[in-house]
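Mind the numbering: the sequence shown is residues 71 to 436 in the working numbering, read in order. Scroll down for the structure; my scribbles are underneath it.
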Amino acid sequence: MTTETAPTQAYLNETNTTSLLITCIVFLVLDTLFVVFRFISRHYQKAAFGWDDVLMLAGWFTCAGLCIDGMIAPSLGIGVHYEKFIATMPEKIPKWGWNGFYAIPILYCFAVSFPKMSILVLYLRVFVDRFSRICCWTLLGVISISAVVNVLTVGFQCNVPSAAWDNTIPGGHCNNIQAHLTYSGIPNILTDVAMLILPIPVVRRLHVAKHVKIGITMTFLVASVGLVTAIIRFVQFFLNTYRSDPTYNAAPLIIWIVVETSIYLISGCLLACRQVLARFVTSRYVSVIYSWLQNATKRSQSGPSNERVNTNHKSGISGLRRGSSADAFAAEGQYYPLEPTVPGKVLVYLRSGVEEDGKFEKGLNG
């Protein structure tokens, strides 16, 4: 016969709310700053408001909602041991239940999807070859369907909603929501891997110096940095024995939810922050890389230029080719002059290629 020992006072006094509050405050500030930087940069570029901006704003609202929810959570009992919670705050059980079992998981489903969808819409502006665009649309569809399925699964996890936190309700039955939130991370990780690989063939076909290719690749890889936090969150959910102490064990899970979604948002904003970052980053090639990306995205907003390459442009390009090939980007289509912050007379060629010195240079389609 075994006897359960009563929890000690030291055990009951333990909390892990401080790390939760600090994480939520820090990432709420960072999320807001990077979204502001994104739109300041687009204002400088005189870029039209597009669907990627709409999705990024939606991502900010949901990420901010998660951060605010995480800051409210300690007042609802999150971060204290369950024994103390039910003994001292029984009136807060319904609010804790609605917040922890419904509000946070549903916000997470959207917050993890909107920034990734925004990045893919940006890719649709940059990529012109059919295969890459089909991959982008496929990933958009997978992420959208996954978000809807996850929201419905969370919303209907119990036949009686309050049964999620009250197992005394007659006939109440719930699915294992922690298992769902854990294993729903697998499609999320797989789409991250696909987004990581997607730009590589396009960049390989660019006619630029090797170190600039590496720089452009690293720029695109910024968009996939959320893969690391997605894997960490998956491991945390997999190892966390949530049901053994739901209020106390929920705090680290919320922390990793906030970190993962915020990293997706920040990495998506970084792709459009060249104008702001250029004021702090003096590297010549970083500016060139960001200018290439930005001018490529203008294609869908302003349409191809009607100007032709004149003799001065051709001689300028020839000079660049003899000088620093790192500044000469050959991609498909019409050209766009880069912004004044970029050294040299650099031209970007998109979609159709350019006849130069009797040689036809192919672009992204190789």
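Positions of the beta carbon are idealized from the N, C-alpha and C atoms, including for glycine.
Under a CB-based cut-off of 7 Å, is residue i close to chain B?
i: residue 174; result: Absent here is chain B; the protein component of the structure consists of one chain.
Measuring only the C-alpha atoms, how far is residue i from residue j?
i: residue 221; j: residue 111; result: 33 Å
i: residue 328; j: residue 137; result: 6 Å
i: residue 325; j: residue 130; result: 17 Å
i: residue 99; j: residue 79; result: 36 Å
i: residue 331; j: residue 291; result: 17 Å
i: residue 335; j: residue 323; result: 19 Å
i: residue 288; j: residue 266; result: 10 Å
i: residue 297; j: residue 76; result: 42 Å
i: residue 83; j: residue 150; result: 8 Å
i: residue 217; j: residue 263; result: 18 Å
i: residue 47; j: residue 159; result: Any property of residue 47 remains undetermined from this structure, which presents the chain solely from 71 to 436.
i: residue 276; j: residue 132; result: 37 Å
i: residue 343; j: residue 115; result: 10 Å
i: residue 295; j: residue 139; result: 24 Å
i: residue 239; j: residue 333; result: 39 Å
i: residue 172; j: residue 274; result: 44 Å
i: residue 113; j: residue 124; result: 15 Å
i: residue 134; j: residue 286; result: 30 Å
i: residue 316; j: residue 89; result: 17 Å
i: residue 204; j: residue 270; result: 15 Å
i: residue 241; j: residue 255; result: 30 Å
i: residue 244; j: residue 227; result: 5 Å
i: residue 81; j: residue 320; result: 17 Å
i: residue 247; j: residue 224; result: 7 Å
Three-state secondary structure (DSSP) at residue i?
i: residue 137; result: helix
i: residue 343; result: coil
i: residue 85; result: strand
i: residue 198; result: coil
i: residue 272; result: helix
i: residue 145; result: helix
i: residue 157; result: helix
i: residue 132; result: helix
i: residue 279; result: coil
i: residue 181; result: helix
i: residue 175; result: helix
i: residue 164; result: helix
i: residue 80; result: helix
List the DSSP bridge partners of residue i.
i: residue 150; result: 85
_Assess contact between the segment 86–94 and the segment 132–145, defined as three or more Cβ pairs (one per stretch) separated by less than 8 Å. Is contact present?_
yes
*Are the segment 180–195 and the segment 224–239 touching, with three or more C-beta to C-beta distances below 8 Å?*
no
*Counting only runs of 4+ residues fully inside the segment 84–125, write out the alpha helix (DSSP H) ranges in chain order.*
87–114
_Given 8 Å, three or more beta-carbon pairs between the segment 298–314 and the segment 161–172_ = no
*Taking only runs of the alpha helix (DSSP H) that begin and end inside the segment 287–336, which ones reach a length of at least 4 residues, in chain order?*
296–309
*Cβ contact check for the segment 172–183 and the segment 194–203: 3 or more pairs under 8 Å*: no
_Stretch-stretch touch, CB-based, cutoff 8 Å, three pairs: the segment 300–308 with the segment 150–159_ = As far as the Cβ criterion goes, the segment 300–308 does not touch the segment 150–159, which means the pair count is below three.
*Using 8 Å as the threshold, is the segment 101–108 in touch with the segment 331–341, meaning 3 or more CB pairs across them?*
yes
_At 3 residues or longer, what runs of the beta strand (DSSP E) sit wholly inside the segment 186–269?_
Listed in chain order, there is nothing to give.
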